[in-house]
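See below for the structure under consideration.
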Amino acid sequence: MRILLCEDQDAIRRMIEALVGASGHEVIGVGTGREAVERALTEPFDVLLLDLMLPGSMDGFEVCERLRAHPGTSSLPILVISALDDHEARARALKLGATAYYAKPFRPLELLEHIGGLKAARRA
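Last residue of the sequence shown: 124 in UniProt numbering, with the numbers rising by one and none dropped.
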């Protein structure tokens with residue numbers, strides 16, 4: 001699967017790229033919400049792994065909102081991975097269209113299982 005990863009912290013982005021890439025997926029990492037939206041609207045991806053607290057003018061909530069509003073990305077699975085672990089952030093992300101929400105520190109095997117489930121559902 002082709003996976004877009006939006007995470008502003010280099011060390012975390014590299015760790016997730018290595019983890020998901022080692023499972024046989026192609027991972028494209030970006031550091032801003034604006035980059036994530038631009039790439040998702042111009043290239044095909046099967047999943048977006050999205051941090052919420054991003055630098056610049058577009059945070060992860062806005063990324064969700066913009067991608068859900070566009071016909072080409074309205075059904076793209078968006079798996080949030082965020083240090084924001086409160087009810088309000090989780091509810092807001094899910095209301096804006098996030099498919100799932102993982103609080104940092106997250107369980108890598110759980111994330112990989114979710115991605116695997118999305119891959120299996122695509123084949124069916």
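Using N, Cα and C, we set each Cβ at its ideal position, and we do this for glycine too.
Proximal residues to residue i (C-beta, below 6 Å), its chain only, five neighbours per side dropped
i          : result
residue 95 : none
residue 85 : 103
residue 26 : 2
Cα-Cα separation, residue i to residue j
i          : j           : result
residue 7  : residue 40  : 14 Å
residue 16 : residue 100 : 16 Å
residue 72 : residue 58  : 19 Å
residue 12 : residue 33  : 16 Å
residue 30 : residue 19  : 16 Å
Beta-carbon gap between residue i and residue j smaller than 8 Å
i          : j          : result
residue 97 : residue 80 : no
residue 77 : residue 50 : no
DSSP state of residue i mapped onto helix, strand, coil
i           : result
residue 107 : coil
Residue-chain proximity (residue i, chain D), Cβ-Cβ < 8 Å
i          : result
residue 34 : Reference to chain D is not applicable here, since this structure consists of a single protein chain.
Residues of its chain near residue i, where Cβ-Cβ distance is below 8 Å and the 5 sequence neighbours each way are ignored
i           : result
residue 106 : 81
Cβ shell of residue i (< 7 Å), same chain only, five flanking positions each side left out
i          : result
residue 70 : 41
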